[in-house]
Structure formats: C-alpha cells, structure tokens
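Data first, discussion second: the structure below is written as structure tokens.
In the numbering used here, the protein residues as written are 1 to 209.
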C-alpha cells in the first residue's frame with residue numbers, strides 16, 4: 001500500500017504561514033488542537049517520516065532536539081511560554097524518533113538523530129519513498145518543499161489550521177504553480193478559539209515530472 005504525504009500548516013486568515021521574518025508569534029494557541037496532535041503522535045505506528053525544507057528543519061532542530069535526551073522532562077509550549085503539557089511531550093518524542101529528511105543545498109551535514117540530508121528534491125526518489133512500507137509521511141512548514149511536492153502531484157492531503165488573525169504581510173505557503181489543483185474537502189472543524197481546521201485531499205494528479 002502506497003504511503004501518503006500529508007502537509008500540516010497553521011496559516012493566518014489572510015493566507016500567510018509565517019511572518020515576514022519567518023516567526024510564528026501570531027499563532028493563536030489552542031489546547032484542543034494540542035491534545036489532538038498529541039493523541040495522534042502517541043497513536044502513530046512506527047517512527048514515521050517528516051520531510052523538511054532547510055529553514056523549518058533548523059527551527060525544529062533548535063526547539064525539539066533539546067528534549068530528546070530526557071524523556072521525563074516537561075516540554076514548554078512554544079506558543080505559550082511557561083506552560084507545558086503531556087501532549088507536547090508526546091509530540092517531542094514523535095519528532096525526535098521520526099526519520100527526518102531535509103532538503104538543502106547549503107547545509108554541510110545533519111547531526112540530529114535519524115536525520116538524512118538530500119541536496120535536491122527528486123520526484124522519482126519521493127515516489128520510491130512513498131512505496132516503502134510504513135506510516136504516512138508528514139511535512140510541517142517548509143513552503144518551498146510544499147510548493148515543489150504540489151507541482152509534482154506528490155501531496156495527498158493538505159491540512160490547514162486557519163487562525164483568526166490578519167498580519168498584512170508575510171510568507172505565503174505556496175509559490176508559483178504552473179496549474180491549479182482541485183481539492184476535495186474532507187473535514188472542516190471550528191474551535192472555540194476561532195481556529196478552523198481544514199483537511200483537503202488532492203483530486204487530480206499533478207503534472208508529469
């Protein structure tokens with residue numbers, strides 16, 4: 001059975017996934033979303049695979065790697081300083097245990113556990129990875145990688161958490177695409193915080209690579 005690639009991103013109501021400087025200070029914290037993510041991480045079979053662009057990999061390594069050695073240590077909420085939760089502990093364990101594939105032409109090497117460095121995104125190599133046994137692959141952030149994977153029709157599900165905030169300018173998740181892509185809505189779930197989770201599946205195959 002072919003593995004799917006699922007991308008997850010928080011986005012502002014005006015369509016940005018990061019502020020102009022790449023920060024996420026605008027994220028509207030949501031305990032219910034953290035609980036869902038923690039439950040999903042705890043229930044995930046195997047170690048999983050996460051695909052990264054270089055910027056997102058650097059950010060994740062800087063935050064999550066520090067919680068790898070002591071599995072009993074609390075993990076602070078990156079969006080609510082001073083607070084921690086079991087759900088974030090589960091997320092830290094999942095991310096540290098996962099196979100992490102980072103696409104970068106500038107990094108010299110990678111030392112974070114279970115990491116693999118690839119100089120460029122080869123769609124044929126990604127197809128081969130999808131045909132390997134294991135759970136679905138995930139992409140967090142990584143706008144350039146999401147754009148490339150989308151262009152080659154390799155993302156199977158798009159998950160967005162739309163935050164009730166406008167920031168006016170920032171980094172859009174997707175760059176220029178040569179063709180539009182039809183999506184099918186799988187789920188729309190609103191939260192008391194005003195966040196809305198949207199899940200879409202890809203309907204049509206992307207352009208041939």
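Quick reminder that beta carbons are idealized off the backbone N, C-alpha and C, glycines included.
Bear in mind the structure is a predicted one, so any value in this text is a computation, not a measurement.
{"Query": "Reference residue 127, options 60, 143, 115, 150, closest by Cα", "Result": "150"}
{"Query": "CB-CB length for residue 200 against residue 185, believed under 8 Å", "Result": "6 Å"}
{"Query": "Extent of the continuous alpha helix (DSSP H) to which residue 88 belongs", "Result": "86 to 97"}
{"Query": "Nonlocal neighbours in the same chain, by C-beta distance under 8 Å from residue 119, ignoring five residues either side", "Result": "103, 104, 105"}
{"Query": "Identity of the residue in 6, 18, 9, 8 nearest residue 166 by Cα", "Result": "18"}
{"Query": "Where the beta strand (DSSP E) through residue 190 begins and ends", "Result": "183 to 190"}
{"Query": "Assumed close pair residue 242, residue 8 - CB separation to whole angstroms, cut-off 8 Å", "Result": "The chain is shown from 1 up to 209; residue 242 falls before or after that span and cannot be answered."}
{"Query": "DSSP three-state assignment for residue 206, whether helix, strand or coil", "Result": "Confidence at residue 206 is low in this model, with a pLDDT of 44, below 50, so its placement is unreliable and no value can be given for it."}
{"Query": "Host alpha helix (DSSP H) of residue 157 (start-end)", "Result": "First-last for residue 157: 157 to 163, but that is the beta strand (DSSP E), not the alpha helix (DSSP H)."}
{"Query": "For residue 146, the first and last residue of its enclosing alpha helix (DSSP H)", "Result": "143 to 151"}
{"Query": "Residue of 156, 31, 40, 111 minimising C-alpha distance to residue 62", "Result": "111"}
{"Query": "First through last residue of the beta strand (DSSP E) which encompasses residue 115", "Result": "115 to 118"}
{"Query": "Residues of its chain near residue 190, where Cβ-Cβ distance is below 7 Å and the 5 sequence neighbours each way are ignored", "Result": "196"}
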